[in-house]
Amino acid sequence: MPGARKRVAESGPQTVTISFAGYNRVWAAWIGDRLERRGHAVVYQRWDPQEGTPLADSLRALTLAPGPVLVILSTWYFQLGPRTQAEWHTALTEVVASEPGRFAAVSVTTDALPPATAVFAAADLTTVGEQEAERRVLARLGMPADPLPATAGTRKGPRFPNDPSDVWGGVPRRNTRFTGREPLLNDAYHALKSAEESARVVTLHGMSGVGKTQLAAEYVYRFGAEYDVVWWVAADKRAVCRQRLAQLAPELGLSTGVDYGERLRATRIALRKGDPYGRWLIVFDGADDPEEIWDLVPEGPGDVLITARNPDWAQHNSLLLEVPAYDRDESVSFVLRRAPRLTAREADRLAEALEDLPLLLDQTAGWLNDSDMTVDEYIALLEQEGIDEDVVRVSRDFPTPFRTSWSILLNRLRETVPEAVTLLRLCAFFAPGAIPVRLVRDLPADELPESLRGLVGNSVRWAAAINKLRQYAVVRAAGVGDREIHETMPEGLGAVPGDTLYMHRLVHQIIRQDMPQEEHDELIEVVRRALAAADPGQPTDSRMWPEYAEIVPHLKWADVLQTTSPAMHTLVLDCLQYMYYSGEYTPGITLSTRAMDAWKAQLGDTHPRIWDLTHNYANLLRAVGDYAHCEAIERTAVNYLRENHGASDLTHLRAAGSLAADLRGLGRYDEALTISYWVLDAYLDLLGEQDARTLNAQNNAAVSLRLLGRYQDALDLDMKTLIARRRLLKPRHRWSLFSEIHVSSDQRLLGRYNEAESLQAQSVRVHRFVLGSDNPQTLNAEHSLALALYRIGRRREAAELFTGVLERSERVLGEGHPDTLRFAAAQSCFAREHGDIDQAREISERVVDGYTLLLGAAHPFAVGTRSNQALIMRAVGERDQARELAEQALAGMRAAVGDDHPWTLGCAINASEMRSLRGDVESAAELSADTASRAAEALGRTHPLTLSARVAVAADLRTLGDRQAADKTEAEALEDLSSTLGPQHPHTMSARSRTRPYWDFEPQII
C-alpha cells in the first residue's frame, strides 16, 4: 500500500532522482513534470547497469545525488543487464533495505516482479487515473498532495501514460523485444526538440532490415505522451501517402467535404497553424523516394519523423540519423530474448554470422528457438543454402522475410536503373564487405564486356549508378555520402569517391544466387582480370602488403583457382608469398590446399606451377611447425625434380634447400647441414656469390651450423651474408633484417652480449618501422633483444620485452605456434629467477607439452625444455623429481645431438647440480669435470657455458673436501669471468658469492 513505509522526503523543495528503464521513459517524464510543477528539482537517470559492475554498486551510485531516489519498477527494469533474481535479492537487501530513507518506488506493470522488490513497498500506478496516480507518487515520496501553486502555470506537460492521445492512428504495435538503440532515440528526440519551427524533421535512414520502422515505433511509444496527435503514414507510394494524410482531417475534427484532396489541404493547413493541436507527430514510414513526397511533409509547430533507405532527404531540410546494425551487445541481448534456449556465446556466434542485422536476427533466432539444430549447424546451413523462407520464422515485428524484401527491392532497381543492377552483380564476385570497385575502373575499356564498357568509362553514369544503389541502401560507399567505410579496409589504402563500396554479406549472397549464368560467366572474368592487374608483383616488399591485404579476400569469391590463366596462377602464388611473409599462415595454408587440389586437376601432378605451389605451401606448413608433413612433400618434389630435371636444376635446388629446413625442424641437424652445404655450393657454381638465392642458401647453412652448436662458424657465415644482403638488397629489406637477427643470436650464443644488444636494439627499431610490431619477424627480433638484455643484466628492460613479445605472439600466432613456444620457454626461465615461480611452472609445463605434441618427446626442443623444468622443480623443493627430469634431459640430449653439443653440456651442468643436491657428490664432480673439459674444447675456455662448468667443478671439489684445488679452480674461473663479462656482471657476482651455476635451454630459430 502507498505510504506503508517510512516517508522518504522532508518538507520543502527537494531534488528527486528518477531511475527508469528507457522503455518506461513516458512514466518518468510524466512524474517528473508533476514534481517540477510543485517546485521540486528532478534528475532523470536511465537505468542501464554496465556488465561486470556489481549490481549493488550500480544501485548505490543512484544515491550520489541529494534527495530521494524514485525507482519506476517494471519487468524492463530487471531485464537490463541481465541479472539473476539472486543477484537482485542480494543487491536490494544490501543497498535499499539498508537506506530506507533514500529509496521509494512506483510500479507500472502488472507482471510479476522479483520477490525482493517488496523492500521498495512500491505504489501501484497501473489501474488508477491521473489524479490518484499523482497522489500516490507524492505520498510515496512523503510530499504533501496540496493543490498546485498558482505559479505552476498552465503549460501542457506530458500526457498521463495510461491516457491515449487525442488522435492516434496507424502506429504499429509496440515491440516488447525492442533492444538498445538508446543513443539513437535520444538523438532523434533532442534533434526534433531543438530544431526551429518548420524545420523539425528527422530522417532515420539505413539499409533494409536494420530496424528503422521498429525504431520509429519505439520513439512514438517512448515519447508519445508529449504529443496530442500521433499519425503514422505508409509513405512508399505517393497516392497512399496523400490518402493517409487526408484521413487525418476528420480525426482532427475538421469540417470538410468527402473529397480527399480537400481533406488533405485542410489537414496541412491545420498542422501548419497548430490548430486545433500544436503538439503533433507525423511519421512517414518507408519514404524511399524524397522527390515523390517531399511536398507532402507538413510544416508547423509539430514534429516529423521519416524512415527511409535513401539519405537524399538531407536535400529536403531534414536532419539525417543513420541507423546502423546493432552493436554486438545489443545483438546478443536481442537474440536471447527472441530465443531463450540459446546461450550468450551461441547468440554471439549467430550475431557475428549475420553481421548484427536486426531483421535477420529476429527471423533466424525465432526459427532456432523452435528447432533442436545447433547454432553452428544453422550457420553452415545458411552459408550453403542461403536465407530462404524455410529457415526463418517471421514475426509480427518483422513481417516480411529478408529474402523477399530484397527481391522486391532488386526488381524495382532492375526496372528503373538496370546499370545499377549490373554494377551490383559485379560486386558479387568480390568478397562481401569492402569492395574495391576501382580495380575494375582501372582496366582498359577493351577488356570489359559491352554491359560495363559504357558505365565504367563514363564518370557521370558511374556516379549515377552508385548513387542509386546508395539511395536504396543496397551499398554504402567510402567517400560518397555521409559515411565512409574504414572498418574492413586494409590500413594504408585511402578512399576515392565511388571507388570502394560496402555490401552486407547476406545481401551479397542473394545477389550472387539470383544471377543469370551468362552474366555470371561474363562478370566473374572481369573481376579476375581486375585482381590480376592489381597484383603489385612484389610480395616480399612490406610496402606492398596493404595492396595484397586488399586483394586476398576476393580470391575465393572470384573463384580464381578454377581457371588455367597464367596471370591467375601468378596472382595466387604472389598472394601466398605475401601471406607467408606477413604472418597470415593459417589462411595461407587453406588457400594452398585448395589451390593444390584445383591445379593438379587442371594441370597434372608434375606441371612447373605445381612445384612453385609446393614451395609456397611447404613454407607455410613449416611456419606453423608441421615439419613432418612438410618433409614428405619436399622429399617427393626433390626426388622427382632430381630425376627428371637434373641435380643442378634451380627448381630442384630450391626444393632441396626447403628439405634441409624441414630436417632442421625435425631435429636432424647433420643431414640438414650436409644438404645446405651442397645447395650452397651448387648456387655458387650456377649463380655466383651476389645472387639473392645464393645468399638465402648461405643463410640457411648458417642456421644449420648454429643448431649444431658451431656458433663461431655460424657467425662467420651470417656476417658474410648480412654484408652481402645489405649491399644487394639494401639494409631495410626484410632478409637483411633477418640476417641481423641471426648475427645477433650468434654473438649472444658466443657470450658477446654487448655486441649482440647493440646490433639488435637498432634492428628492432627498423623492424617495427618496416614490418610492423605484430609481424612474426619483428617478434623474433624483439625476443632476440630481450635475451641479449637479460644476458647483460638489464633485467627490467628484458622483462618488459619478454612479456610483450609473448602476449602478442599468443594473440597473433596462437599458443601452440613454434615461435610462441620459444618465447614462452624464455619467459618461464625469467619468471623462475626473477618473477613468479608458480607462473614459471605453469608456462614451463605448457611449453613441454606443446613441444612434445608438436615435435615428439625425443626432439631436442622437448628434451631441453624438460631440463628447464627440472630447475623449477628444484626451486620449489621437489628435488627427486628435479633430478629425474635433469637426468632424462641429459640422456635425451645426448641421444639427440651427441655428447659434445652445447645443449648436452648445458643439460650436464644442471644434472650435476641435481646429483650434488641429492648427496651423490662424486658422480656430480665427475660429470662437472667432464663437462668443463668438453666445453673448453667445443666452445673455448672463456665461453660462458665453459665458465659455468668450471665454477661447478670448483663447487664439487669443495664439497669433496679438496679445498686447495677448489680455490685454484674458482680463482681462475672468476678471473676469466671478470675479463670476459666484467666484474659486475650478474654471472661474475653470482660465482663470487659461490652460487652454483645453472643453464637455461634456449630453443632457436630453425
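For what it's worth, numbering that gives the first Met the number 0 labels the leading residue of the sequence shown as 0, then goes sequentially. We put the beta carbon where it would ideally sit given N, CA and C, even for glycine. Note that this is a predicted model, so its numbers are computed, not measured.
{"Query": "In the DSSP assignment, find the unbroken alpha helix (DSSP H) run with D848 in it and report its ends.", "Result": "836-854"}
{"Query": "Given a cut-off of 8 Å on the beta-carbon distance, is the pair E630 and D661 in contact?", "Result": "yes"}
{"Query": "Output needed for V506: all residues of its chain with C-beta closer than 7 Å, excluding positions within five of it in sequence on either side, in chain order.", "Result": "W405, V473"}
{"Query": "Is it the case that the Cβ atoms of L438 and L575 are separated by a distance below 8 Å?", "Result": "no"}
{"Query": "For A597, tell me which candidate among A888, Q887, Y188, L560 has the shortest Cα-Cα distance.", "Result": "L560"}
{"Query": "Which of the three DSSP states is assigned to E688 in this structure?", "Result": "coil"}
{"Query": "If you measure between the beta carbons of L884 and A907, is that distance less than 8 Å?", "Result": "no"}
{"Query": "Could you give the DSSP three-state label for R731: helix, strand or coil?", "Result": "coil"}
{"Query": "Please report the distance separating the alpha-carbon of W998 from that of L620.", "Result": "32 Å"}
{"Query": "According to the neighbour-count rule (16 or more other Cβ atoms, all chains shown, within 10 Å of its Cβ), is H189 buried or exposed?", "Result": "exposed"}
{"Query": "What do you reckon, are the CB atoms on S927 and A951 nearer than 8 Å?", "Result": "yes"}
{"Query": "Hey, A700 and L672: beta-carbon distance below 8 Å or not?", "Result": "yes"}
{"Query": "Given 8 Å as the limit, is there contact between the region 28-35 and the region 157-169, that is, 3 or more CB pairs closer than that?", "Result": "yes"}
{"Query": "Which whole-angstrom value is the C-beta distance of A364 and G285, which I expect to be below 8 Å?", "Result": "The pair is not a contact, with the Cβ atoms about 24 Å apart (cut-off 8 Å)."}
{"Query": "Whole angstroms are fine: how far does the CA of V763 sit from the CA of Q1008?", "Result": "Absent from the model: residue 1008. The displayed extent of the chain is 0 to 1005, so no value can be given."}
{"Query": "Could you name the residues of the same chain whose beta carbon sits closer than 7 Å to that of L492, not counting the 5 residues immediately before and after it, in chain order?", "Result": "Low confidence applies here, because L492 scores a pLDDT of 41, under 50, leaving its location unreliable; read the following figure in that light. Answer for L492: P545, E549, listed in chain order."}
{"Query": "Using DSSP with H/G/I as helix, E/B as strand and the rest coil, what is E321?", "Result": "strand"}
{"Query": "Could you tell me the alpha carbon to alpha carbon distance between A990 and L686, rounded to whole angstroms?", "Result": "51 Å"}
{"Query": "Where V479 and A419 are concerned, what is the direct C-alpha to C-alpha distance, given to the nearest angstrom?", "Result": "For V479, the predicted structure reports a pLDDT of 38, less than 50, and the residue's modelled location is therefore unreliable. A value from the coordinates is still provided. So the alpha carbons of these two residues sit roughly 16 Å apart."}
{"Query": "Rounding to the nearest angstrom, what Cα-Cα distance links G815 and N779 in this structure?", "Result": "16 Å"}
{"Query": "What first and last residue would you give for the alpha helix (DSSP H) that runs through A313?", "Result": "That residue, A313, is in no alpha helix (DSSP H); it is neither H nor E in DSSP."}
{"Query": "If we call anything under 8 Å between Cβ atoms a contact, is G21 one with E181?", "Result": "yes"}
{"Query": "Roughly how many angstroms lie between the CA atoms of R794 and I1005, to the nearest whole one?", "Result": "26 Å"}
{"Query": "Quick one: residues in its chain with C-beta nearer than 8 Å to the C-beta of E936, no 5 flanking neighbours on either side, listed in chain order?", "Result": "D899"}
{"Query": "To the nearest whole angstrom, what separates the beta carbons of A427 and M567, a pair I think is in contact under 8 Å?", "Result": "Actually they do not touch by this definition, with Cβ atoms about 19 Å apart."}
{"Query": "If we ignore side chains and look at the alpha-carbon of each, how far apart do P1002 and A824 end up?", "Result": "8 Å"}
{"Query": "Here's a check: name, in chain order, each residue in its chain whose Cβ is nearer than 8 Å to the Cβ of E329, leaving out the five neighbours to either side.", "Result": "T178, G179, R180, D355"}
{"Query": "Let me know the secondary structure DSSP gives A964 once reduced to three states.", "Result": "helix"}
{"Query": "Compare the beta carbon distance of P357 and G208 with 8 Å and say whether it is the shorter of the two.", "Result": "yes"}
{"Query": "Excluding the five sequence neighbours on either side, which residues of its own chain have a C-beta within less than 6 Å of the C-beta of R840, listed in chain order?", "Result": "I871"}
{"Query": "Would you kindly work out how many angstroms separate the C-alpha atoms of G373 and T819, rounded to a whole number?", "Result": "In the sequence on display, residue 373 carries Thr and not Gly. Using only the alpha carbons, I get a separation of about 33 Å."}
{"Query": "Out of curiosity, what's the CA-to-CA distance linking E796 and R831?", "Result": "17 Å"}
{"Query": "Leaving aside the five residues before and after N1036 along the sequence, list all residues of the same chain whose C-beta is less than 8 Å from its C-beta, in chain order.", "Result": "Examination of residue 1036 is not possible in this model, given that the chain is present from 0 through 1005 alone."}
{"Query": "Return helix, strand or coil for D302, following the three-state DSSP convention.", "Result": "strand"}
{"Query": "Based on the DSSP secondary-structure assignment, which residues constitute the bridge partners of V742?", "Result": "According to DSSP, V742 bridges with nothing at all."}
{"Query": "DSSP three-state label for L451, please.", "Result": "helix"}
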